[in-house]
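In the numbering used here, the protein residues as written are 188 to 332.
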């Protein structure tokens, strides 16, 4: 590994130049990307219980409040959700990109973007590999009693 003399972004932190490295091996870079992706959310979030949707590569942590439900979603590989509808949803994209289709129009959202899906509005979405988002859904039970 070769030292770099510039600041490097790493998991939302700037590393001092003395700690920055250049990874030569493609296999090591891919492994590092997976490790960073798995920890895209801070430790305090990783303690929230996961919900298993039976979709390989998808991690969803769910926190119910008295007024709605917060989802912390990450996709290790591309995940497609076919057309569906639910309560109103507000989303902020934490990393990566997604393709959201509503009313026949497809839009791409990426890190830092936000969007709202109106309640009971049919839509479909594709999460690209390396994607993470935080959702607030205006349904405290999310269909669960």
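Just so you know, even glycine gets a beta-carbon here, dropped at the ideal spot from N, CA and C.
Under the Cβ criterion (8 angstroms, minimum of three pairs), the stretch 253-265 does not count as touching the stretch 297-306. Excluding the 5 residues flanking it on each side, residue 318 has same chain C-beta neighbours closer than 6 angstroms at 262, 283 and 285, in chain order.
Here the C-alpha atom of residue 308 lies approximately 23 angstroms from the C-alpha atom of residue 238. Counting only the Cα atoms, residue 258 lies some 14 angstroms from residue 231.
At a Cβ-Cβ threshold of 8 angstroms, residue 312 and residue 275 do not count as neighbours. In the three-state DSSP reduction, residue 304 falls in the strand class (E or B).
Looking at the DSSP output, residue 259 sits in a beta bridge with 248 and 321. When C-alpha distances from residue 326 are compared across 306, 287 and 241, the shortest belongs to 306.
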